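Enquirer: For the sequence shown, our numbering begins at 40 and goes up steadily by one.
Note that the Cβ used here is the ideal one computed from N, Cα and C, for glycine as well.
These numbers come from a predicted model, not from an experiment.
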Amino acid sequence: MQNLMNTLGYQFNNPALLKRALTHPSMGGEDNQRLEFLGDAVLQYIMSDILYATHPKDREGSLTHLRALLVCEAALSQVARSLHVGEALIMDKGEALTGGRDKPSVLCDAMEAILAAAYLDGGLEAARGIIQRHWPKPEEVHRPMQDSKGALQEHLQKDGGDAPTYAILAQDGPPHDRTFEAAVYRYGIELARGSGKTKKQAEQAAALAALEKLTGK
Numbered sequence: 040m041q042n043l044m045n046t047l048g049y050q051f052n053n054p055a056l057l058k059r060a061l062t063h064p065s066m067g068g069e070d071n072q073r074l075e076f077l078g079d080a081v082l083q084y085i086m087s088d089i090l091y092a093t094h095p096k097d098r099e100g101s102l103t104h105l106r107a108l109l110v111c112e113a114a115l116s117q118v119a120r121s122l123h124v125g126e127a128l129i130m131d132k133g134e135a136l137t138g139g140r141d142k143p144s145v146l147c148d149a150m151e152a153i154l155a156a157a158y159l160d161g162g163l164e165a166a167r168g169i170i171q172r173h174w175p176k177p178e179e180v181h182r183p184m185q186d187s188k189g190a191l192q193e194h195l196q197k198d199g200g201d202a203p204t205y206a207i208l209a210q211d212g213p214p215h216d217r218t219f220e221a222a223v224y225r226y227g228i229e230l231a232r233g234s235g236k237t238k239k240q241a242e243q244a245a246a247l248a249a250l251e252k253l254t255g256k
């Protein structure tokens, strides 16, 4: 664990917290799932604070979209790989043999747990320091707003569940100037609605609205 602490750039006062953050559920007993829960909230808060300070001209929807790209499974697993978190994970041999050390979902969970452990050990600034040192800069991941559907899908599938589905609910106006209304669903439950000049734009707007509801707390 000392190698990981050196890589993180943070020395834990209580290394037992880091050990728990690295303990996969396959080991039974005290694992990293509770820390993962806390770490998700810590990451959301710190990233929101960073984006609010560094993007003073961006509107809420743009900030929500950008934050979703920085806290999604792909971003967290990428950071975890750069820190060699997989090598430090404590897991059952069977899980390791099936590629558990490199599974994006496992790495994502571990990264969130590590942030929670740092927060409990040294407060928000400890967790913030790890994020500022190792996360990609917002400009490095910034993608056009039309990626809202992809960002929403990554956010929702973090728990391993079904992907969202979309439906066009209505269209209004003459053929040359139509407006479409779309809704996005998961498990048959409507998450949000959006409108646009094309069906694709309406679906993207619905996805962005869902992201704002789910991550814009």
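Please find out if some non-hydrogen atom of the ligand NAP comes closer than 7 Å to the beta-carbon of E251.
Expert: Within the structure as shown, the ligand NAP is missing, as the structure has no ligands at all.
Enquirer: Let me know if N52 comes out buried or exposed under the rule of 16 or more other beta-carbons within 10 Å of its beta-carbon.
Expert: Looking up residue 52 in the sequence shown gives position 13. Exposed is the call here.
Enquirer: State buried or exposed for K256, treating a residue as buried only when at least 16 other CB atoms are found within 10 Å of its CB.
Expert: Stepping through the sequence shown from its first residue, residue 256 is reached at position 217. The pLDDT assigned to K256 is 43, lower than 50, so where the model puts this residue is not dependable, and the model offers no usable value.
Enquirer: Helix, strand or coil: how does DSSP classify F219 here?
Expert: As a working mapping, residue 219 is identified with position 180 in the sequence shown. Note: F219 maps to strand in three-state DSSP.
Enquirer: By DSSP, does E69 sit in helix, in strand, or in coil?
Expert: Counting from one through the sequence shown, the residue named residue 69 turns up at place 30. The answer is coil: DSSP assigns E69 none of H, G, I, E or B.
Enquirer: Count the other CB atoms within 10 Å of the CB of R98; is the residue buried (16 or more) or exposed (fewer)?
Expert: Walking along the sequence shown from the start, residue 98 turns up at place 59. Exposed.
Enquirer: So, G139 versus M150, is the Cβ gap smaller than 8 Å?
Expert: Numbered from 1 along the sequence shown, position 100 holds the residue referred to as residue 139. Numbered from 1 along the sequence shown, position 111 holds the residue referred to as residue 150. Their beta carbons are not under 8 Å apart, which means G139 does not touch M150 by this criterion.
Enquirer: Out of A60, Q243 and E220, state which residue places its alpha-carbon closest to the alpha-carbon of A119.
Expert: Position 80 of the sequence shown, counted from the start, is the residue given in the question as residue 119. It is A60 whose Cα lies nearest to the Cα of A119.
Enquirer: Name the two residues that bound the continuous beta strand (DSSP E) containing G233.
Expert: If you number the sequence shown from 1, residue 233 lands on position 194. Looking at the DSSP string, the run of the beta strand (DSSP E) that includes G233 is I228 to G235.
Enquirer: If you scan the region 110-190 from start to end, which runs of the alpha helix (DSSP H) of 4 or more residues do you find wholly inside it?
Expert: Whole alpha helix (DSSP H) segments, 4+ residues: 112-121, 124-127, 132-136, 143-161, 163-173 and 177-180.
Enquirer: Go to A206, then tell me how far its beta strand (DSSP E) extends in each direction, as first and last residue.
Expert: Here the question's residue 206 lines up with position 167 in the sequence shown. A206 -> beta strand (DSSP E) spans T204 to D211.
Enquirer: Is the beta carbon of A114 sitting closer than 8 Å to the one on V180?
Expert: To locate residue 114, count along the sequence shown from 1; it is residue 75. To locate residue 180, count along the sequence shown from 1; it is residue 141. Yes; because the gap between Cβ atoms is below 8 Å, this pair is in contact.
Enquirer: Indicate whether V81 and Y158 have their beta-carbon atoms separated by less than 8 Å.
Expert: As a first step, residue 81 is located in the sequence shown; it is residue number 42 there, counting from the start. As a first step, residue 158 is located in the sequence shown; it is residue number 119 there, counting from the start. Yes, the Cβ-Cβ distance between V81 and Y158 is below 8 Å.
Enquirer: Would you mind sorting G227 into buried or exposed? The rule is 16 or more other CB atoms within 10 Å of its CB.
Expert: Here residue 227 refers to the residue found at position 188 of the sequence shown. That one is exposed.
Enquirer: With a threshold of 7 Å on Cβ separation, who are the neighbours of R225 within its own chain once the five nearest residues in sequence on each side are excluded?
Expert: Here residue 225 is taken as the residue at index 186 of the sequence shown, counted from 1. Once the five neighbours on either side are set aside, the close Cβ partners of R225 are L195, D201 and P203.
Enquirer: Mapping the DSSP letters down to three states, classify K256 as helix, strand or coil.
Expert: Taking the sequence shown and counting its residues from 1, the one referred to as residue 256 is at position 217. Note on K256: pLDDT 43, under 50, position unreliable in the model; the coordinate value appears next. In this structure, K256 counts as coil in the three-state DSSP scheme.
Enquirer: Would you decide whether Q41 is buried or exposed? Buried here means 16 or more other CB atoms lie within 10 Å of its CB.
Expert: Position 2 of the sequence shown, counted from the first residue, corresponds to residue 41. It counts as exposed.
Enquirer: Report yes if the C-beta distance between T254 and Q83 is below 8 Å; otherwise report no.
Expert: One-based indexing of the sequence shown puts residue 254 at position 215. One-based indexing of the sequence shown puts residue 83 at position 44. In contact: T254 and Q83 (Cβ atoms closer than 8 Å).
Enquirer: Would you kindly work out how many angstroms separate the C-alpha atoms of L230 and H215, rounded to a whole number?
Expert: Position 191 of the sequence shown, counted from the first residue, corresponds to residue 230. Position 176 of the sequence shown, counted from the first residue, corresponds to residue 215. One C-alpha to the other measures close to 29 Å.
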